[in-house]
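Chemist:
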Amino acid sequence: MEKNQEIINDLKLLVDIVNDGKEGYTSAGEVTDSLELKALFLKYAAQRIAYAAELKQHIALHGGESKNEEGGILGILHRTWIDIKQALSSREEVAVLGAVETGEEAALEKYDQILEKEILHADHISMLQKQRSGILEALKEIETHQVRLEKL
């Protein structure tokens, strides 16, 4: 029973993380005027919605539930950071991309911590690895856009 509760708690943490990402991408899309970045942020916000649904399915399989749709405290801090950077920076897109990058790095760190418990999460390890890969791909794409904007 204790092991099952740990699984549920870990997955709920990841629901918070992916919802933080969804909220962060939504906020980033609201502060940029770039149509290209808006589309990119919308794509990754939708990806995080799908990730949350997958995680909630596995939480339910273990007898738990997660009603969280908005993220945890990290999401609030992430959105605040984006707002502050946007207000202080004359190069908004670079600042927004930097904030998103910070959020993605934090998400990867949490996924890595949970993936270290490979035996505990054996029944959904491939889903967690797939989601982590998607977050890493998003991070790389964000970094590519940031480097390109910094060169302008």
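For the record, in the sequence shown the residue sitting at position 5 is 2 according to our numbering, with numbers rising by one throughout.
Beta carbons are placed, not taken as given, at the ideal position from N, Cα and C, and that holds for glycine.
CB-CB under 8 Å to residue 152, same chain, minus the five flanking residues each way: which ones, in chain order?
Modeler: Because the chain in this structure spans residues -2 to 149, residue 152 falls outside the shown range and cannot be described.
Chemist: If we count the other Cβ atoms within 10 Å of its Cβ and call it buried at 16 or more, is residue 6 buried or exposed?
Modeler: exposed
Chemist: Take residue 122 and list the residues in its own chain whose beta-carbon comes closer than 8 Å to its own, dropping the five residues that flank it on each side.
Modeler: 112 and 115
Chemist: Using the Cα positions of residue 41 and residue 21, report the straight-line distance between them to the nearest angstrom.
Modeler: 10 Å
Chemist: Could you please give the first and the last residue of the uninterrupted alpha helix (DSSP H) stretch that includes residue 130?
Modeler: 122 to 147
Chemist: Grouping DSSP H, G and I as helix and E and B as strand, with all else coil, what is residue 118?
Modeler: Looking at residue 118 - three-state DSSP - the assignment turns out to be coil, as it is neither helix nor strand.
Chemist: Taking just the CA atoms, how far does residue 33 sit from residue 15?
Modeler: For residue 15 and residue 33, the distance between alpha carbons rounds to 22 Å.
Chemist: Determine whether the beta carbon atoms of residue 97 and residue 52 lie at a separation below 9 Å.
Modeler: no
Chemist: Label residue 141 either buried or exposed according to how many other C-beta atoms from any shown protein chain fall within 10 Å of its C-beta, with 16 as the threshold for buried.
Modeler: Result: exposed.
Chemist: Under three-state DSSP, which class holds residue 51?
Modeler: helix
Chemist: In or out: residue 145 buried (at least 16 other Cβ within 10 Å) or exposed?
Modeler: exposed
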